[in-house]
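Have a look at the structure below, then the notes.
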């Protein structure tokens with residue numbers, strides 16, 4: 073009977089020692105080192121995530137603080153402009169409904185009132201345009217609404233001998249007051265909505281044909297289209313741009 077033959081395998085790197093013994097001896101330190109490496113990787117990932125969250129929180133705080141500061145500045149301008157617009161509107165109302173007054177604006181009255189209205193609105197237009205990056209679509213819509221009114225008020229200079237001028241001045245100042253109020257509501261929601269977890273609802277006019285500015289992307293698109301393509305101001309701009317392109321392309 074042939075005796076069984078025992079074969080001892082040595083490690084390919086170290087003679088007379090099996091791979092099993094080598095692996096057994098180094099398994100503990102290797103696993104410990106691996107655990108350290110994994111722990112370091114996890115720690116770095118956590119630190120990176122915390123850093124990213126910190127940066128994000130700082131950005132959100134900066135945006136919130138910027139919005140609040142802008143709201144304070146613009147709100148002050150809105151109050152100043154609104155006071156002027158209300159005074160002009162009240163003057164026109166008294167002029168129209170006073171039985172002892174003539175229901176029209178003479179040229180001197182028109183020039184004085186239109187200058188006050190336009191200066192008050194253009195001051196806001198300039199401020200909003202310089203901060204349009206905060207909320208491009210909303211700020212542009214508000215700016216266009218005021219520029220449209222300024223354009224319409226200027227057009228009245230050719231019609232100061234009729235009651236149309238007085239009536240339209242009343243309409244334009246009323247629209248301006250509404251737009252100023254709309255924008256102030258939007259700014260409050262932007263600046264304080266997340267802080268107080270509340271929202272001021274947009275104006276709901278009885279006359280549904282009246283325009284309302286509210287922070288809704290689809291509704292802002294509709295208003296932008298109206299002011300750019302349908303209002304007298306928008307049509308005039310398109311006409312002047314077309315004439316300029318034709319003149320400089322020839």
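Residue numbers (this note's numbering): 73 to 322. We put the CB at the ideal spot given by N, CA and C, even for glycine.
TODO: Answer yes if the segment 149-169 comes into contact with the segment 186-205, meaning at least three C-beta pairs across the two stretches below 8 Å, and no otherwise.
DONE: With a cut-off of 8 Å, the segment 149-169 and the segment 186-205 count as touching, because enough Cβ pairs lie within range.
- [ ] Note down the Cα distance separating residue 80 from residue 107, rounded to an integer number of angstroms.
- [x] For this step, residue 80 is matched to residue 8 along the chain shown. For this step, residue 107 is matched to residue 35 along the chain shown. Unreliable positioning characterises residue 80 in this predicted model, as indicated by a pLDDT of 49, which lies under 50. The coordinate reading is nonetheless provided below. Between residue 80 and residue 107, the C-alpha separation is close to 33 Å.
- [ ] Could you check which residue in 255, 105, 284, 233 has the C-alpha nearest to that of residue 183?
- [x] To locate residue 183, count along the chain shown from 1; it is residue 111. Checked all of 255, 105, 284, 233; the closest Cα to residue 183 is 233.
TODO: Could you check if residue 292 is buried or exposed, using at least 16 other CB atoms within 10 Å of its CB as the buried criterion?
DONE: As a first step, residue 292 must be located in the chain shown, where it is residue number 220. It is buried - the Cβ of residue 292 has at least 16 other Cβ atoms within 10 Å.
TODO: Could you check the C-alpha separation between residue 169 and residue 241 for me, to the nearest Å?
DONE: Counting from 1 along the chain shown, the entry for residue 169 is found at position 97. Counting from 1 along the chain shown, the entry for residue 241 is found at position 169. Rounded to whole angstroms, the separation of the alpha carbons of residue 241 and residue 169 is 14 Å.
- [ ] Would you identify the three-state DSSP class for residue 207, choosing helix, strand or coil?
- [x] Sequence index remark: in the chain shown, residue 207 carries index 135 (1-based). If DSSP states are grouped into helix, strand and coil, residue 207 belongs with coil.
Open item on the list: So, under 8 Å CB-CB, residue 296 and residue 212 are touching, yes? Tell me the CB distance rounded to an integer number of Å.
Closed with: Mapped onto the chain shown, residue 296 falls at position 224. Mapped onto the chain shown, residue 212 falls at position 140. Confirmed, about 7 Å.
Open item on the list: Buried or exposed for residue 74, going by 16 or more other Cβ atoms inside 10 Å?
Closed with: If you number the chain shown from 1, residue 74 lands on position 2. Residue placement at residue 74 is poorly supported in this model, since its pLDDT is 49, which falls under 50; the coordinates still yield a value, given next. Counting Cβ neighbours within 10 Å, residue 74 comes out exposed, since fewer than 16 surround it.
Open item on the list: Quick check on residue 266: buried or exposed, where buried means 16 or more other Cβ atoms within 10 Å of its Cβ?
Closed with: Mapped onto the chain shown, residue 266 falls at position 194. That one is exposed.
- [ ] Assign residue 115 to one of three DSSP states: helix, strand, or coil.
- [x] The sequence position of residue 115 within the chain shown is 43, counting from 1. If DSSP states are grouped into helix, strand and coil, residue 115 belongs with the helices.
- [ ] Put residue 285 into one of helix, strand or coil per three-state DSSP.
- [x] By one-based count along the chain shown, residue 285 stands at place 213. Residue state, collapsed to three classes: coil.
Task: Beta-carbon proximity check, residue 244 vs residue 300, cutoff 8 Å - done: Counting from 1 along the chain shown, the entry for residue 244 is found at position 172. Counting from 1 along the chain shown, the entry for residue 300 is found at position 228. No, the pair does not count as a contact, with Cβ atoms beyond the cut-off.
TODO: Decide if the segment 278-290 is in contact with the segment 311-322; the criterion is three or more beta carbon pairs, one per stretch, under 8 Å apart.
DONE: Touching, no, given that fewer than three Cβ pairs across the two stretches are closer than 8 Å.
Task: For residue 207 and residue 262, believed in contact at Cβ under 8 Å, the rounded distance - done: One-based indexing of the chain shown puts residue 262 at position 190. One-based indexing of the chain shown puts residue 207 at position 135. Between the beta-carbon of residue 262 and that of residue 207 there is about 7 Å, and that keeps the pair under the 8 Å contact cut.
Task: Through-space distance from residue 272 to residue 166, alpha-carbon basis - done: Counted from its first residue, the chain shown places residue 166 at position 94. Counted from its first residue, the chain shown places residue 272 at position 200. For residue 166 and residue 272, the distance between alpha carbons rounds to 32 Å.
- [ ] Have a look at residue 204 and residue 307 and give me their C-alpha separation to the nearest angstrom.
- [x] As a position in the chain shown, residue 204 is number 132, starting the count at 1. As a position in the chain shown, residue 307 is number 235, starting the count at 1. Taking the straight line joining both Cα atoms gives about 23 Å.
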